[in-house]
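A.B. asks: Questions regarding the structure given below will be posed in turn.
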Amino acid sequence: MLGDLSPIFQSLSSSHVSQYILARTSKDASYQKKCEGDHILLWPESYIRSVNKEICEGLWIYEDELMKKWYVFYSSGFLKILDELIMNLVDKKQIDPSMHLVKV
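The opening residue of the sequence shown carries number 165 in our numbering; numbering runs sequentially from there.
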């Protein structure tokens with residue numbers, strides 16, 4: 165087992181090495197295997213960025229002959245999903261030139 169460790173660990177006493185190995189195995193035992201869907205739901209930030217409302221924009225809207233300012237909050241994850249959807253549609257249009265309309 166010591167042959168796997170780097171020379172730094174080989175210079176340590178055997179009690180230090182066994183404590184390191186015990187810490188590694190107990191840490192590895194705490195990991196759980198997740199299917200892809202569960203992994204995406206648990207950690208969406210690793211796929212689509214943040215899902216928290218973090219971007220705020222003031223938009224001016226003309227309504228009832230008045231200009232009103234509305235504040236819109238959205239997440240960067242939502243923008244990433246929209247970007248992916250648009251890119252997929254562009255790719256599909258290049259493959260199938262007869263496509264003229266997309267309904268969502």
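Yeah, the Cβ is synthetic: ideal placement off N, Cα and C, and Gly gets one too. Just so you know, these numbers come straight off a predicted model, no measurement behind them.
Taking contact to mean at least 3 C-beta pairs separated by less than 8 Å, is the segment 251-258 in contact with the segment 215-234?
C.D. replies: The answer is no - the segment 215-234 does not touch the segment 251-258, with fewer than three Cβ pairs under 8 Å.
A.B. asks: Relative to the alpha-carbon of Lys-232, which residue among Met-263, Gly-222, Tyr-238, Gly-241 has its alpha-carbon at the smallest distance?
C.D. replies: Looking at the Cα atoms, Gly-222 is the closest of the given residues.
A.B. asks: What residue does the beta strand (DSSP E) around Leu-230 start on, and which one ends it?
C.D. replies: 230-238 is the span of the beta strand (DSSP E), which, as asked, contains Leu-230.
A.B. asks: Would you give the residue range spanned by the beta strand (DSSP E) that Glu-227 belongs to?
C.D. replies: Run containing Glu-227: 219-227, per the beta strand (DSSP E) assignment.
A.B. asks: According to DSSP, is Leu-244 helix, strand or coil?
C.D. replies: In the sequence as displayed, the identity of residue 244 is Lys instead of Leu. Residue state, collapsed to three classes: helix.
A.B. asks: Assuming Ser-214 and Ser-239 make a contact with CB atoms under 8 Å, what is their CB distance in whole Å?
C.D. replies: Indeed they touch by this definition, with Cβ atoms about 6 Å apart.
A.B. asks: Please state whether DSSP places His-203 in a helix, a strand or coil.
C.D. replies: Helix at His-203.
A.B. asks: Who are the near neighbours of Phe-237 in its chain, counting only those whose CB is closer than 6 Å to its CB and skipping five residues on each side?
C.D. replies: Excluding sequence neighbours, Phe-237 sits near Lys-217, Cys-220.
A.B. asks: Between Pro-208 and Glu-200, what straight-line distance do the alpha-carbon atoms span, to the nearest angstrom?
C.D. replies: Distance between the alpha carbons of Pro-208 and Glu-200 is about 11 Å.
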